[in-house]
Amino acid sequence: MLALASATDAAWVDRALAHLDVVLLDHAHCEKKAASTAINLIFRYQDRPALMAPLSALAREELAHFEEMLAALARRGIAFGRLDPSPYAAELLSVCRPHEPARLLDTLLCCALIEARSCERMQFLADRLPDADLARLYRGLLAAEARHHQAYVDLARAVELFEESEIRARLAQIAAHEATVIARPRAEPRLHN
Ligand SMILES: [Fe+2]
Ligand SMILES: [Fe+2]
Numbered sequence: 016m017l018a019l020a021s022a023t024d025a026a027w028v029d030r031a032l033a034h035l036d037v038v039l040l041d042h043a044h045c046e047k048k049a050a051s052t053a054i055n056l057i058f059r060y061q062d063r064p065a066l067m068a069p070l071s072a073l074a075r076e077e078l079a080h081f082e083e084m085l086a087a088l089a090r091r092g093i094a095f096g097r098l099d100p101s102p103y104a105a106e107l108l109s110v111c112r113p114h115e116p117a118r119l120l121d122t123l124l125c126c127a128l129i130e131a132r133s134c135e136r137m138q139f140l141a142d143r144l145p146d147a148d149l150a151r152l153y154r155g156l157l158a159a160e161a162r163h164h165q166a167y168v169d170l171a172r173a174v175e176l177f178e179e180s181e182i183r184a185r186l187a188q189i190a191a192h193e194a195t196v197i198a199r200p201r202a203e204p205r206l207h208n
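Numbering (my numbering), first residue to last: 16 to 208.
Here it is in structure tokens:
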């Protein structure tokens, strides 16, 4: 349902739980980045009216998630501040073709896969977190990220530029690329490392 080409290794959640504070901080940044990405797409594709309201709603929801994560950090006494991001998103987005409308299709499908991977990993956290409040927060967030995954794929259809077969084939190609990017070993514990 999430279109991912690989499953996260169970060892990831052990590492995430062992470095929970930094993973939570990284997650707050990811929500902020998700909102910023949706807003950037509104600016870049103003000539595509079908994208405007759904992307605006997505941006608002991601900012609400950002605020939820800020509150979760505050409850644990973690100060919000700068953190080096995972190279995951930039490496994933490097697959985007530079010419339009291919660039639009690829960007929407990369966003769909980021949402899918986030959802998958939040499920691991929701299942394993010893803190009941945090586990409940994650169950709420992961349901939203599953919807966002579908929303980005639906936007690729809504612009009426791409055949269904093209969308499906490109989603499978980018999912295979995403599986290689997420599997790269990284030193820093992050939501996508
Ligand atoms: Fe989110
Ligand atoms: Fe999302």
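Just so you know, even glycine gets a beta-carbon here, dropped at the ideal spot from N, CA and C.
Since we're looking at a predicted model, the values are computed, not measured.
- Buried is the label assigned to histidine 164, since at least 16 other Cβ atoms lie within 10 Å of its Cβ.
- Boundaries of the alpha helix (DSSP H) harbouring aspartate 142: 117 to 143, taken from the DSSP string.
- Relative to the non-hydrogen atoms of ligand 1, the Cβ of alanine 127 never comes closer than 7 Å to any of them.
- Per DSSP, reduced to three states, the secondary structure at alanine 22 is coil, with no helix or strand assignment.
- In terms of Cα proximity to alanine 150, the closest of Arg136, Arg162 and Ala161 is Arg136.
- For ligand 1, a non-hydrogen atom lies closer than 7 Å to the CB of leucine 156.
- Cα atoms of cysteine 45 and leucine 128: separation of roughly 14 Å, rounded to the nearest angstrom.
- Residue state for histidine 42 is assigned as helix, using DSSP reduced to three classes.
- Distances from the alpha-carbon of isoleucine 93 to those of Val37, Ala65, Cys125 and Leu66 put Val37 closest.
- In this structure, the CA atom of aspartate 148 is about 23 Å from the CA atom of alanine 49.
- For tyrosine 167, the enclosing alpha helix (DSSP H) stretches over residues 147 to 173.
- In the DSSP assignment, histidine 192 falls within the unbroken alpha helix (DSSP H) covering 179 to 197.
- With contacts defined as CB atoms closer than 8 Å, valine 174 and alanine 72 fail to qualify as a contacting pair.
- Taking 8 Å as the cut-off, the Cβ atoms of leucine 186 and valine 168 count as close.
- Separation of alanine 166 and leucine 78 (C-alpha to C-alpha, rounded to the nearest whole angstrom) is 17 Å.
- Serine 101 sits buried, since 16 or more C-beta atoms from the chains shown fall within 10 Å of its C-beta.
- Between the segment 21 to 35 and the segment 188 to 207, the count of Cβ pairs shorter than 8 Å is three or higher; the stretches touch.
- For tyrosine 103, the enclosing alpha helix (DSSP H) covers residues 103 to 108.
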